[in-house]
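Q: Protein chains in written order, with the working numbering: chain A, 1 to 286; chain B, 287 to 714; chain C, 715 to 1005.
Using N, Cα and C, we set each Cβ at its ideal position, and we do this for glycine too.
Have a look at this one.
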Amino acid sequence: MSALDASNGAAAAAPPARFDVDRALNTAGAWALGILWFLPLIYAVWTAIHPGEFATRFELFAPLTVENFVNAWTAAPFARYFLNTVLLVTFILAGQFVLCTLAAYAFARFRFPGSSVLFTLVLLQLLVMPDILIVENYATMRMLGLVDTIVAIGLPYVASGFGIFLLRQTFMTVPKELEEAARVEGAGPIGVLWKVYVPLAKPTYLAYGLVSVSHHWNNFLWPLIITNSVETRPVTVGLSIFSAVDQGIDWSIITAATLMTSGPLLIAFLLFQRQFVQSFMRAGIK
Amino acid sequence: MTMLRKLGAAAGAAALSAALAAPASAVDLQFFFPVAVGGKAAQTIEELTADYVAQNPGVNIEAVYAGSYQDTITKTLTAARGGEPPQLAVILSVDMFTLIEEDAIMPFDDLIETDEERAWLDAFYPAFMENSQTGGKTYGIPFQRSTPVLYWNKEAFAEAGLDPETPPATWEEMVEFGKTLTKRDGDGNVTQWGVRIPSSGFPYWLFQGLTTQNDVIIASGDGDETYFDDPRVVEALQYLVDLSTVHEVMQPGIIEWGATPKAFFEGQTAMMWTTTGNLTNVRNNAPFDFGVAMLPANKRRGAPTGGGNFFIFKDSTDEQKEASLDFIKWISAPAQAARWSIATGYVAPRPDAWETPEMKAYVADFPPALVARDQLEFAVAELSTYQNQRITTIFNDALEAAITGQKEPAEALAEAQAQADRILRAYR
Amino acid sequence: MPRRIEWVYGWLLLTPALFLLFAFTHVPAVKTVVDSFFSTARGARPSTFVGLDNYRLLMEDPVFWQVFSNNVWYALITIPVSIALAIVMALWVDGKLTGRGFVRMAYFAPTVLPLIAVANIWMFFYTPGFGLIDQIRSLFGGAQVNWLGDPDLVLGAVIVVAIWKEAGFFMIFYLAALQSIPPSLREAAAIEGASRWTFFRRVTFPLLMPTTLFVSINAVINSVRLVDHIFVMTEGGPDNHSSLLLFYIYETAFKFWDTAYAATLTVVVLAILSVLAIGQFYLVDKKVHYR
């Protein structure tokens, strides 16, 4: 903010130079913040590709090595953890899309007794989230015999109040005429949903998808509690046990592991960032 | 069609032969263990387990790396509460009372039958058995055991004009040496501290070194009483606090445990207190000549023991219990104990392990490995009570409050004792 | 569609979602409240009804009050600061900027790095003596600072990490909102001679209001949920000065095995969140009418 204020002061004093000063200050500010934000990642790359003794010392011509990656890769089944996370995120996202779409459609286009009470209960879940109900949910999973399964990690999140709310808002903006047109062509309620509402809500799905994926990709506490074995542990839990500090932290190997497991998502974002932003633009959330 | 039939026949034959190859009554064991991956410890456990399975075809052992000690006890107890405990696990010896209260483990006395097996129980160092027995029964078998020792940087000692071969032997000497070793730059900022006693996470453990040296025990053997407010405990805490505030030989505030070896390697501190479990790590990574010594003495020498024991879980079949016992007997035998100790730096828990040729060769080559063993003579049980995690948390909070100057040592410890009393009263 | 059939459709469409919502949110929430009136079963001693005992314990628990106040500060600082930073970031990345692609990625990078892993990196930054911050400070003659080991600094250090983690994520939403503001508005403002700040205050910021609402819901959720780094960096220490409610609940339930007291703590968090949820519901309601 201060950069903006400063640029305005300069602008008032010297109108002809305004554009340049303004732009230079903003660029400097943006870059300064960018580098600050990027610092942990830069450090991770530095430490991961250099021998251990350079984890705390920054010399330009330090020798390079891939040993940290090799060690991290052989020390823990990261490929399996990665697969678990991908399965988990896919399961949650698919579940959320189906369930939230159906529920949102009901709230947006059907009148039935109890709908406003139920919608309030759904909204309550925006904040009263499963993340804090870990004790009870663990008991439930145990009762269902689902402890230490990927389904158990995802199940509490599948019916998302946030997703239902978001999609309902989007569906309500769909003009009734489109629905009637589809009806005339003989589509039933589900056909209308599939042919009219879902296609029009694509940007919302993408935006919500990003929120969901980033949330569950990073989720730690619940998976920590509910998983016991390599076959179910997502990356976050795998990384946390990997870096357990009883014998001291080994930053080289931790950063190598972090890069290996976060790399794919980071690259995906690099490739798709324009599409993300554009879809958000068209989504209801703006 | 014929193709399919052939395939089916082949599959059937394969299944049949697989069934025949497997022994009639294979026993499956699940084994939870904690150790930092990346080091040799996890690898060694897996190798040992594989060796055992190779020698005992009737047994399958699934060794599950469960994370830190904390992760392992959490995992094990949640699994036990869910009715699916592992058959055996290496868990901090201090969690014995918790496991007993949860009714999760069984005493080894119920499993052993022969005199030979009874002799096996007596083969371990008594200092390690203190945390493994209660009420006359043995619940844990020492395995991944450690004790804190002092590591010192010989180069830094020489540079400061101290004898590089002489570590501090007393509290006074540690302060004195520390003052010589603490280096400041032109602005008065410290570039090298004299000593580092980490205090993050579980400060009580290293602090117990100080209390033992001050000749005081902080908890009863029954696990139902603590003595946090004893004047000698207060005195020990005052000494720890003074290291930073009065003598200025140690970094003020809470000192991170995990970063301690690195700080030592980086020359941030000339001496450090940490577990013998770090011996191999220091040997491989210290870029200078270092020494290992017993912790300095005050009224006496002293240190707590630490680390993990083997426990056998109740909720298993008799065959599984038998197999678990057999595996533990095998892995704690001298040859295996020596192999494990050499790979990790943990203290081989029985005297005869130190008499094996491999161990003798190892200590001849690397005498610091003997320090921890020799210190066992002065070692006491690590703090362990009912509701252990809660009691140690209360104690840790008090220590942290005093170290960071929030409370006076006496005040902090009196409060901790009152809280501990309130909880332990129910167990007396 | 006949009314009866419409009812059936509505209910059928809702059933799967509602079933799971109730199973993992509403029922556990109610059960938590019930559990908070009972004692924890331990070994031989079964759980008994103890009335408000757990709540009395809570009122007298100094750790709870410490953790509670930590969490209030954590929320009060992370929510506005990360939102403000997100807006600034979005304005920058939306404008003409050299190397915009890199800057945008830099801002967004924390979103994809698991907090549990980066917390180790932050721990290195904060390490006294040879940590990155101290290395930089020492270039200017600064003394060692024990960021995570000093009760007065530790909460701030933890808050910085949370802001770092969140701001770039929120930026994406603001960026999308900014790009949908018609350029004609800006041109009109320029003709009237409005300064950039005036334009932002009078035009851009109000147009961003719906996004701010959306983002603030997320920010409130995260101020309760985002505790992963506490596990790695401080474990709540020194003396609980960086402990947060969810971390304390975890400790109570899965370290001390005191499920009844954990339930009581959870009820407190539930109560706070419900009040916030109702507040937001009214805000949302207004927005719906506005549309």
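Is the beta carbon of residue 843 of chain C sitting closer than 8 Å to the one on residue 704 of chain B?
A: On the third sequence, position 129 is the one that residue 843 of chain C refers to. On the second sequence, position 418 is the one that residue 704 of chain B refers to. Against a cut-off of 8 Å, the Cβ pair of residue 704 of chain B and residue 843 of chain C comes out as no contact.
Q: Leaving out the 5 sequence neighbours to the left and right, which residues in its chain are closer than 7 Å to residue 791 of chain C when beta-carbon positions are compared?
A: Sequence index remark: in the third sequence, residue 791 of chain C carries index 77 (1-based). Answer for residue 791 of chain C: 873, listed in chain order.
Q: Excluding five sequence neighbours on each side, which residues of the same chain lie with their C-beta closer than 6 Å to the C-beta of residue 696 of chain B?
A: What you label residue 696 of chain B is simply residue 410 of the second sequence in a count that begins at 1. Taken in chain order, the residues that qualify are 520.
Q: What do you reckon, are the CB atoms on residue 38 of chain A and residue 820 of chain C nearer than 8 Å?
A: For the purposes of this step, residue 38 of chain A is taken as residue 38 along the first sequence, with counting starting at 1. For the purposes of this step, residue 820 of chain C is taken as residue 106 along the third sequence, with counting starting at 1. Going by C-beta atoms, residue 38 of chain A is nearer than 8 Å to residue 820 of chain C.
Q: Looking only at its chain, what residues have a beta carbon closer than 7 Å to the beta carbon of residue 687 of chain B, apart from the 5 residues adjacent to it on each side?
A: Here the question's residue 687 of chain B lines up with position 401 in the second sequence. Contacts found: 693 and 698.
Q: What three-state label does DSSP hand residue 787 of chain C in the structure shown?
A: Within the third sequence, numbered from 1, the residue matching residue 787 of chain C stands at position 73. In the structure shown, residue 787 of chain C sits in a helix (DSSP, three-state: H, G or I).
Q: How would you label residue 554 of chain B, buried or exposed, when you count the other beta carbons within 10 angstroms and need 16 or more for buried?
A: Taking the first residue of the second sequence as 1, we reach residue 554 of chain B at position 268. Buried is the call here.
Q: May I ask you to list, following chain order, the residues of the stretch 21-51 of chain A that have a beta carbon less than 9 Å from some beta carbon of chain C?
A: Listed by position, the residues of the stretch 21-51 of chain A near chain C (Cβ gap below 9 Å) are 22, 23, 26, 27, 29, 30, 31, 33, 34, 35, 36, 37, 38, 39, 40, 41, 43, 44 and 47.
Q: Check residue 448 of chain B in the structure and name its three-state DSSP category.
A: Indexing the second sequence from 1 puts residue 448 of chain B at position 162. Three-state DSSP puts residue 448 of chain B in coil, outside helix and strand.
Q: Assign residue 779 of chain C to one of two classes, buried (16 or more other C-beta atoms within 10 Å of its C-beta) or exposed (fewer than that).
A: To locate residue 779 of chain C, count along the third sequence from 1; it is residue 65. By the 10 Å Cβ count, residue 779 of chain C comes out exposed.
Q: Can you give me the start and stop residues for the alpha helix (DSSP H) that residue 882 of chain C sits inside?
A: Counting from one through the third sequence, the residue named residue 882 of chain C turns up at place 168. Start and end: 868-893.
Q: Going by DSSP, what residues sit across from residue 505 of chain B in a beta bridge?
A: Residue 505 of chain B sits at position 219 when you count from the first residue of the second sequence. Answer is B:512.
Q: Would you say residue 445 of chain B lies against chain A (beta-carbon separation less than 8 Å)?
A: Within the second sequence, numbered from 1, the residue matching residue 445 of chain B stands at position 159. Answer no: the Cβ-Cβ gap between residue 445 of chain B and chain A never drops below 8 Å.
Q: Buried or exposed for residue 159 of chain A, please, with buried defined as at least 16 other CB atoms from any protein chain shown within 10 angstroms of its CB.
A: Taking the first residue of the first sequence as position 1, residue 159 of chain A is located at position 159. Burial call: buried.
Q: Return the CA-CA distance between residue 324 of chain B and residue 271 of chain A, expressed in angstroms with no decimal places.
A: On the second sequence, residue 324 of chain B is found 38 positions in, with the first residue counted as 1. On the first sequence, residue 271 of chain A is found 271 positions in, with the first residue counted as 1. Any reading at residue 324 of chain B is ruled out, since the residue's pLDDT is 46, under 50, leaving its predicted position unreliable.
Q: Can you tell me which of A:194, A:98, A:137 and A:131 puts its alpha carbon nearest to the alpha carbon of residue 737 of chain C?
A: What you label residue 737 of chain C is simply residue 23 of the third sequence in a count that begins at 1. Of the candidates A:194, A:98, A:137 and A:131, the one whose C-alpha sits nearest the C-alpha of residue 737 of chain C is A:137.
Q: Go through its chain and collect everything with a Cβ distance to residue 837 of chain C's Cβ below 6 Å, but skip five positions before and after it.
A: Walking along the third sequence from the start, residue 837 of chain C turns up at place 123. Excluding residues within five positions, the ones whose Cβ falls inside 6 Å are 947.
Q: Check whether the stretch 982-996 of chain C and the stretch 125-141 of chain A are in contact - that is, three or more C-beta pairs closer than 8 Å.
A: Yes, the stretch 982-996 of chain C touches the stretch 125-141 of chain A.
Q: For residue 116 of chain A, count neighbouring C-beta atoms within 10 Å of its own C-beta (all shown protein chains included) and say buried if the count is 16 or more, exposed if not.
A: Taking the first sequence and counting its residues from 1, the one referred to as residue 116 of chain A is at position 116. Its Cβ having fewer than 16 others within 10 Å, residue 116 of chain A is exposed.
Q: Check whether chain B comes within 8 Å of residue 939 of chain C, counting only Cβ atoms and requiring the distance to be less than that.
A: By 1-based counting over the third sequence, the position of residue 939 of chain C is 225. No, no contact with chain B.
Q: By a C-beta neighbour count over all protein chains shown, 10 Å radius and 16 as the cutoff for buried, is residue 253 of chain B buried or exposed?
A: With chain B represented from 287 up to 714, any question about residue 253 of chain B goes unanswered, as that position is not in the structure.
Q: Could you tell me whether the stretch 642-662 of chain B touches the stretch 345-352 of chain B, using the rule of 3 or more Cβ pairs below 8 Å?
A: Cβ pair count under 8 Å is below three, so no.
Q: Under 9 Å between beta-carbons, which chain B residues line up against residue 969 of chain C? List them in chain order, please.
A: In the third sequence, residue 969 of chain C corresponds to position 255, counting from 1. Going along chain B in sequence order, the residues near residue 969 of chain C (Cβ under 9 Å) are 356, 359, 360, 675, 676 and 679.
Q: On the DSSP bridge assignment, give the partners of residue 437 of chain B in chain order.
A: Here residue 437 of chain B is taken as the residue at index 151 of the second sequence, counted from 1. In the DSSP output, where bridge partners are listed per residue, residue 437 of chain B has B:558 and B:578.
Q: Since residue 476 of chain B meets chain C, which of its residues come closer than 7 Å, beta carbon to beta carbon?
A: What you label residue 476 of chain B is simply residue 190 of the second sequence in a count that begins at 1. What residue 476 of chain B touches in chain C: 858.
Q: Would residue 376 of chain B pass as a contact of residue 429 of chain B if the rule is Cβ separation under 8 Å?
A: Taking the second sequence and counting its residues from 1, one reaches residue 376 of chain B at position 90. Taking the second sequence and counting its residues from 1, one reaches residue 429 of chain B at position 143. Yes, Cβ-Cβ distance for residue 376 of chain B and residue 429 of chain B is below 8 Å.
Q: Mind pulling the chain A residues with CB within less than 8 Å of residue 546 of chain B?
A: To locate residue 546 of chain B, count along the second sequence from 1; it is residue 260. The contacting residues are 248.
Q: Which of helix, strand or coil does DSSP assign to residue 708 of chain B?
A: Counted from its first residue, the second sequence places residue 708 of chain B at position 422. Three-state result, residue 708 of chain B: helix.
Q: Note down, in chain order, each residue of its chain lying with its Cβ closer than 6 Å to the Cβ of residue 572 of chain B, except the 5 sequence neighbours on either side.
A: The sequence position of residue 572 of chain B within the second sequence is 286, counting from 1. Once the five neighbours on either side are set aside, the close Cβ partners of residue 572 of chain B are 551.
Q: Is residue 594 of chain B helix, strand or coil when you go by DSSP?
A: For the purposes of this step, residue 594 of chain B is identified with residue 308 of the second sequence, where counting begins at 1. Residue 594 of chain B falls in the strand class under three-state DSSP.
Q: According to DSSP, is residue 423 of chain B part of a helix, a strand, or is it coil?
A: On the second sequence, residue 423 of chain B is found 137 positions in, with the first residue counted as 1. Strand, per DSSP.
Q: Please identify the residue among B:505, B:593, B:530 and B:652 whose C-alpha is closest to the C-alpha of residue 569 of chain B.
A: For the purposes of this step, residue 569 of chain B is identified with residue 283 of the second sequence, where counting begins at 1. Here the closest residue by C-alpha is B:652.
Q: Residues of the stretch 53-84 of chain A in Cβ contact with chain B at a cutoff of 9 Å, in chain order, please.
A: Taking 9 Å as the Cβ-Cβ cut-off against chain B, the residues of the stretch 53-84 of chain A that qualify are 53, 55, 56, 57, 71, 72, 75 and 76.
Q: Is any beta-carbon of chain B found at less than 8 Å from that of residue 229 of chain A?
A: Within the first sequence, numbered from 1, the residue matching residue 229 of chain A stands at position 229. Chain B, which has a Cβ nearer than 8 Å to the Cβ of residue 229 of chain A, makes this yes.
Q: Does residue 486 of chain B have its Cβ less than 8 Å from a Cβ in chain C?
A: Against the second sequence, residue 486 of chain B aligns to sequence position 200. Taking Cβ atoms only, chain C reaches closer than 8 Å to residue 486 of chain B, which makes this a yes.
Q: Start and end of the beta strand (DSSP E) containing residue 480 of chain B?
A: Position 194 of the second sequence, counted from the first residue, corresponds to residue 480 of chain B. Its beta strand (DSSP E) spans residues 476-482.
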